[in-house]
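For what it's worth, the working numbering labels the leading residue of the sequence shown as 3, then goes sequentially.
C-beta: ideal position from N, C-alpha, C; glycine also.
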Amino acid sequence: DRQGADIDHVRHAHELLSVGGRLVSVMCKGPFFRSDAKSREFREWLDGLDHDVEELPEDAFQGIDAFRQTGVQTCLVTINKA
Numbered sequence: 003d004r005q006g007a008d009i010d011h012v013r014h015a016h017e018l019l020s021v022g023g024r025l026v027s028v029m030c031k032g033p034f035f036r037s038d039a040k041s042r043e044f045r046e047w048l049d050g051l052d053h054d055v056e057e058l059p060e061d062a063f064q065g066i067d068a069f070r071q072t073g074v075q076t077c078l079v080t081i082n083k084a
């Protein structure tokens, strides 16, 4: 995730989202368990929003059908902007 780049992208996309809009993003699972300040702040921010986090299968981005193969553990984050 290159030092929390996925966190930066999701937070920026949320800023651009209109009220009533929905943001759906694939993120690595790191921000949901790491103890660094950026990850903790992201979780606190996310907890204040209407959101859902769904873990994706371990092999979601592996195999010949994957656009870019990776073994990184991922999740699908959905945020509804009130």
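- In this structure, residue 6 lies near residue 33, with their beta-carbon atoms less than 8 angstroms apart.
- Separation of residue 79 and residue 55 (C-alpha to C-alpha, rounded to the nearest whole angstrom) is 5 angstroms.
- Here residue 40 is actually not in contact with residue 81; their C-beta atoms are around 18 angstroms apart, not less than 8 angstroms.
- Counting only residues of its own chain and dropping the five nearest sequence neighbours on each side, residue 45 has a CB closer than 8 angstroms to the CB of 33, 34.
- Per the DSSP secondary-structure output, residue 54 pairs in a beta bridge with 80.
- Scanning its chain for C-beta atoms nearer than 7 angstroms, with the 5 sequence neighbours on each side dropped, one finds around residue 62 the residues 76, in chain order.
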